[in-house]
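Q: If you're matching positions, the sequence shown starts at 1 in the UniProt record's numbering and goes up one per residue. All C-beta atoms, glycine included, are put in the ideal place defined by N, C-alpha and C.
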Amino acid sequence: MSNTSSMPAERKKSVNTEERETGSSSNKDRDADRQAAAPREKSKDETKMSAKKDGAKTAEEKKRRAEEDKRKKEEKERKKKEEEKQRAEEEQKKKEEEEKRQQEEQEKKLLEEEAKRQKEEEAAQIKEKEEAEQLQQEAWERHHSRKELRAKNQRVQETRPEEAFFSRLDSSLKKNTAFVKKLRTLTEQQRGSLSQDFDSLNLSKYIGEAVSSMVEAKLKISDVGCAVHLCSLFHQRYADFAPLLLAAWKRHFEARKEEKAPNVSKLRTDLRFIAELTIVGLFTDKEGLSLIYEQLKNIIATDRDAHTHVSVIISFCKHCGDDIAGLEPRKVKNAVEKFGSTFPPSQIINTEKQQPFQNLLREYYTSLTKHLKKDHRELQNIERQNRRILHSKGELSEDRHKQYEEFATSYQKLLANTQTLADLLDENMPELPVDKTIQEEHGPGIDIFTPGKPGEYDLEGGIWEDEDARNFYENMVDLKAFVPAILFKDNEKSSQTSKEAREGNSTEELEIELEALDITDEPMDLDAADETESEELAKKILDEQEQEDEEASTGSHLKLIVDAFIQQLPNCINRDLIDKAAMDFCMNMNTKSNRRKLVRALFTVPRQRLDLLPFYARLVATLHPCMSDVAEDLCSMLKGDFRFHIRKKDQINIETKNKTVRFIGELAKFKMFSKTDTLHCLKMLLSDFSHHHIEMACTLLETCGRFLFRSPESHLHTSVLLEQMMRKKQAQHLDVRYVTMVENAYYYCNPPPMEKTVRRKRPPLQEYIRKLLYKDLSKVTTEKVLRQMRKLSWHEPDVKSYLICCMINIWNVKYNSIHCVANLLAGLVAYQEDVGIHVVDGLLEDIRLGMEVNQPKFNQRRISSAKFLGELYNYRMVESAVVFRTLFSFISFGVNTDGSASPLDPPEHLFRIRLVCTLLDTCGQYFDRGSSKKKLDCFLVYFQRYVWWKKSLDVWTKDQPFPIDIEYMITDTLELLRPKMKLCSSLDEACAQVTQLEREFLVKLGLEKDGRSSSAMSENEPLEEEDDDDEDERGAETEEQSGNESEMNEPEEEDGSENEEEEREEEEENTDYLTDSNKENETDEENNEVTIRGGGLKHVACAEDEDFIQALDKMMLENLQQRSGEAVKVHQLDVAIPLQLKSQLKKSSAPSCTADTDADVSDTMQFVMLTRKGNKQQFKILNVPLSSHLAANHFNQQQAEQEERMRMKKLTLDINERQEQEDYQEMMQSLAQRPAPINTNRERRPRYQHPKGAPNADLIFKTGGRRR
């Protein structure tokens, strides 16, 4: 171990020495290297120091940036927290303000409700007070009349007449028997006449007959007063009347006991009659009260359970209860307590005698309340059972529903009678417990007992899609109001017997059907029912054939009428025609065989004519009140046909199947086919939901599904069947077509809930502007709307810009009212000049935008804009150049002339042609003269080329020809504008016309530049003159239409205006021919085209203008007064002699003048007489002697005119001479050196100096002017 341990120690030493040696050598080398690298290390140290300094700086900057970022972040978070805090405070404040506002609104609402309630209470109190006063007044009047009549009847022993009195009365048999007969039918209106007859008759031998007439008379409640009055008259005159009447009443009541079903109305009037007779003292209290008590007792005893005579008791208590039984109704007691009213006391009969009646009536009321409680419990039980059936099976049977309605009606009637009797007896109504467990047991459901009540099933829109559909299916003609009852009397009897025969079977069938209503997927067994139905149908068809054979053998005229009627039925394609057909059938053809023939005709409607089914169903529904067997027979035939198709299960005749189910659906909407049977048909289709059954079910739902789903009676059942249909669709792998059909049918019946579009809220002023423009504006209301528009605040830019925007959006206006907007704008421009410019600018921009976008959804908008532009031209808001520029843009903008497709005007798009036709139809009729006519002619040439270019494109083939409606539109437009124009028949011909037109224009322009326009004019003058002549023939009509130069209609200026028109057209011929390139920049200088311009110089009122106007008026007035005294000269008509005739007269008169001039002139005068023969004028020369009055006057007139002309000639020639003389005098005065001597004796007025050349009036008229 020592050897081994020493080896490493030695090795360590040697190693250390070696290391030391190497270390010393290395240190030497290191020192040398250090000395050599000293400057290099120094530079490195410097770079390190600088790097350290830079690193320190960057670290400090990073630290500073981090601190800044941290500070910014903290500040940002602090700001965010502050903003959140501020926002929370604002929200809290808003919330508090909202709560405060809501609280204020709630308080305001409560105050309004309180005020409304107080007003209602006050109104109710006033009404109650008025009723109490009226009740009091009636009670006192009744009390006084009864008391007075009772006093008279009780004093009859003293007032009855003696025997001698009766001898003066009329005892004739005829009058007495007539009076007794009248007593059987007396009414309140006969009181006066019967009283008058009674005073004049001696009825002592007819007392017994009068008594029997009174007892047997069929009186109303209102006639009892008259009967009591007559009985009192009898009693006051005849002593034996009262005993006989009492005995007759007793016999009458004894006989009534044997009747099983007494007449309630007769019983009511009889009871009140004897009560009134007792009250007025005709019977003694003992006799009358005992009779009344006995009758009341009998009525109550027989009516203790059924209470069918409760109206008799109520009538007795209401009219006689206060005097007979001492009753005080609750109304009377309330009036006494509330208003302190005083009612008359019951003094006629004492209280001891009234007590038995009170006990009897209260006993009857007790039994009535027990009956009411019993019926109430039974009604609640029926409701509970019906709800269970409804929730378990989805529907109620018709009998059960009818039974419930009848029971509920009788219960309501019993409840009302109980309330009335309780009020009359001053008793409290019994408490009727409400069954609150119904809704808890079965949950929310439909209230089937109040049909039409909105519940959870109620959807928007109701049962019908719109008002027209509701009117079609609900509002039908009432034939019973037009047709005599004799025409359908036998039908009512037959319908009653058929109903009785079917009552037993129908209830059992419906109960069985309700039990089978549990929805399963198993197919239904229909064989038994189908066999019975088919047997019935076979019997019916055999009967009809036999009936037809009988009619054919008789060959009646009615058969021909019925056949013609049935042949015309398919032409009844609207509501009025089918209603007229129903009335015609009921009036003229209502026999049993004809009804069967009609049913067969309706049943065999062609399968392609599905459009007739609603009208045929309406026909059946209209005839149903008068002939119910038509609906019954048709429904049974449809049921049989439906079951036949279901059982056969073939995959043919789908159109016939759809026709059958659609007919069933239409009849169901008219309630001719019961909802139960319709839903049963749907259930049969769902039981085997495949192939044709799917289509039939969808067709049935699309026809009447909405009606069934939204009707209260069938809603639950329909919803169950719809859910089953959707489950079957999910479970079965149906074709895509069937899936689409099922979903469409389902969502038609039960549409998914849609989000209501939030209507944009506008300020009230904007809504008012829209109402004026889009609703109120029409041809009649244009002036009114203009007045309202002028009242707007035009100084506000928002209002002005919104109105301009509404006018630019012309597509919101009704199409037929667009011209009214143009008229309105023309009226507004007179007051707001810039509105017209903005509207026209926006309209043109919209038209251009429509061509650039070219989307079909804007087509209607573009049509409205084009029509609006035309109407603006009609109302002189734009120039014709704007219209033609727009027209050319329609056929040139974005159109590739090389024939390649363009996105702005694709080959198949023909909408620009429609735009051109719309614009030309609106304003093209006014381009009929002048330069506008020539421009339109040029445009029509280019337009025809565009149309033929469209026609020649490859998109139009034999299978897809060019649309015929566009052809008709183009033809109509061109015929309206240029009826004599020859249309192009091909594209080549249209291009040739365009080329020729452009060449002519270029030649004309070139000739005008060279100054050789005369030859061009001579070439084209004939055509232009022909055009001008054609236009002149139309004269003032076109001017009247276009609204230009209304003076053309005046006959005096007609010739002159036509000449001006011709001259103007000739001047424009050389200036209006432009090429197509500069047509868009063309400006129209025609006089009858109006541009948008400003209002001109504005008049500023000033005092000088007013003084001038006053002075002018004064001068005119003085002139009128001076001229009023002058004699009016009548202008004599002197027709000028034609020039050709003057030359003939001169030639003929020359030799005569040379021969014997003096004799001819002195003896005769020549006149020319103009006559017309046919279309030619003839002239005849007449020599009239001067001795005649006509020639003498004419000769004197010619002499006077000749002298006047000579005098005027002399004055004119003398003007120069006078002017030279006056110049000479002025020169002599200026040369004079000394002034003229002044005359101091008297003043002289200076002489008036005439202007140079003016004639001297003193010299002419010799009025005494002094000469020098």
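Between Leu289, Lys333, His319, which lies nearest to Ile349 when the distance is taken from Cα to Cα?
A: The residue with the shortest Cα to Cα distance from Ile349 is Leu289.
Q: Mapping the DSSP letters down to three states, classify Ser988 as helix, strand or coil.
A: Rather than Ser, the amino acid found at residue 988 in this sequence is Asp. Asp988: helix per DSSP, three-state reduction.
Q: Thinking C-beta only, is Leu183 closer than 8 Å to Ala151?
A: No, the Cβ-Cβ distance between Ala151 and Leu183 is not below 8 Å.
Q: Would you call Lys1004 buried or exposed, if buried means 16 or more other Cβ atoms sit within 10 Å of its Cβ?
A: By the 10 Å Cβ count, Lys1004 comes out buried.
Q: Leaving out the 5 sequence neighbours to the left and right, which residues in its chain are closer than 7 Å to Asp1055 when beta-carbon positions are compared?
A: Residue placement at Asp1055 cannot be trusted, given a pLDDT of 38 that sits under 50; the coordinates are not used to answer.
Q: Less than 7 Å between C-beta atoms, sequence neighbours within five positions excluded: which residues of the same chain meet that for Phe1195?
A: If we look at Phe1195 and ignore the five residues flanking it on each side, its Cβ neighbours are Met1165, Leu1186.
Q: So for Met583, helix, strand or coil by DSSP?
A: Of the three classes helix, strand and coil, the one that applies to Met583 here is helix, per DSSP.
Q: When we look at the beta-carbon of Met981 and count the other beta-carbons within 10 Å, is it buried (16 or more) or exposed?
A: Counting Cβ neighbours within 10 Å, Met981 comes out exposed, since fewer than 16 surround it.
Q: Mind checking which residues open and close the alpha helix (DSSP H) that includes Ile1215?
A: Its alpha helix (DSSP H) spans residues 1189-1231.
Q: Rounded to the nearest angstrom, how far is the Cβ of Leu479 from that of Met583, given a contact under 8 Å?
A: Between Met583 and Leu479 the Cβ distance is about 6 Å, and since that is below 8 Å, they are a contact.
Q: Do the CB positions of Ile694 and Cys681 come within less than 8 Å of each other?
A: No, the Cβ-Cβ distance between Ile694 and Cys681 is not below 8 Å.
Q: Can you tell me whether Ile573 is helix, strand or coil according to DSSP?
A: Residue state, collapsed to three classes: coil.
Q: For Asn471, tell me which candidate among Ala88, Val742, Ala66, Phe670 has the shortest Cα-Cα distance.
A: The option with the nearest alpha carbon to Asn471 is Phe670.
Q: For Val280, does the three-state DSSP call read helix, strand or coil?
A: Coil.
Q: Using alpha carbons as the reference points, say which of Lys373, Glu406, Gln960 lies closest to Leu415.
A: Here the closest residue by C-alpha is Lys373.
Q: From the DSSP secondary-structure annotation, give me the bridge partner or partners of Val1184.
A: Paired residues: Met1165.
Q: Just the C-alpha distance for Pro180 and Glu216, rounded to the nearest angstrom, thanks.
A: It is Val, not Pro, that sits at residue 180 in the sequence shown. Whole-angstrom Cα-Cα distance: 12 Å.
Q: Tell me which same chain residues have a C-beta within less than 8 Å of the C-beta of Asp426, skipping the five on either side of it?
A: Excluding sequence neighbours, Asp426 sits near Leu327, Glu328, Pro329, Arg330, Lys333.
Q: Let me check one thing: in DSSP terms, what residues is Thr1171 bridge-paired to?
A: BP columns for Thr1171 point to Gln1178.
Q: Provide the residue(s) that pair with Asp170 in DSSP beta bridges, ordered along the chain.
A: According to DSSP, which records beta bridges pairwise, Asp170 is partnered with Leu201.
Q: Below 8 Å on the Cβ atoms is my contact criterion, and I expect Val840 with Met877 to pass it. Report the Cβ-Cβ distance as a whole number of Å.
A: Rounded, the Cβ-Cβ distance is 6 Å, consistent with contact.
Q: Check whether the Cβ of Asn854 sits closer than 7 Å to any heavy atom of the ligand ATP, and report yes or no.
A: This structure simply doesn't include the ligand ATP, nor any ligand for that matter.
Q: I need the straight-line Cα distance from His371 to Asn417, nearest angstrom please.
A: So the alpha carbons of these two residues sit roughly 12 Å apart.
Q: Note down, in chain order, each residue of its chain lying with its Cβ closer than 7 Å to the Cβ of Met7, except the 5 sequence neighbours on either side.
A: Residue placement at Met7 is poorly supported in this model, since its pLDDT is 39, which falls under 50; the coordinates still yield a value, given next. The answer is none, since no qualifying residue turns up.
Q: Assuming Met672 contacts Val620 (C-beta within less than 8 Å), just tell me the rounded distance between them.
A: Indeed, because the Cβ distance is near 6 Å, the residues count as touching under 8 Å.
Q: Three-state secondary structure (DSSP) at Ile837?
A: Of the three classes helix, strand and coil, the one that applies to Ile837 here is helix, per DSSP.
Q: Note down the Cα distance separating residue 1344 from Gln860, rounded to an integer number of angstroms.
A: The structure shown does not extend to residue 1344, since the chain spans only 1 to 1268, so no value can be given for it.
Q: Between Gly462, Phe1179, Ala866, which has its C-alpha nearest Phe890's C-alpha?
A: Comparing Cα-Cα distances from Phe890 to each of Gly462, Phe1179, Ala866, the minimum goes to Ala866.
Q: Going by the CB atoms, is the gap between Leu267 and Val312 shorter than 8 Å?
A: It is a contact, given that the beta carbons lie within the stated cut-off.
Q: Just to confirm, is the Cβ distance from Ala408 to Leu368 under 8 Å?
A: Contact: no.
Q: Mind checking which residues open and close the alpha helix (DSSP H) that includes Arg596?
A: Taken as a continuous stretch (DSSP letters only), the alpha helix (DSSP H) holding Arg596 covers 592-603.
Q: Less than 8 Å between the beta carbons of Glu908 and Val955, yes or no?
A: Yes.
Q: Using the C-alpha atoms, what's the distance from Gly894 back to Ala901?
A: Cα to Cα, Ala901 sits roughly 10 Å from Gly894.
Q: Among Pro484, Ser410, Ser864, Pro344, whose alpha-carbon lies nearest the alpha-carbon of Leu135?
A: Leu135 has its Cα closest to that of Pro344, out of Pro484, Ser410, Ser864, Pro344.
Q: How would you write the range of the alpha helix (DSSP H) that Glu431 sits in, first residue to last?
A: Run containing Glu431: none; DSSP gives neither H nor E here.
Q: Just to confirm, are Thr278 and Val224 a CB contact at a threshold of 8 Å?
A: Going by C-beta atoms, Thr278 is not nearer than 8 Å to Val224.
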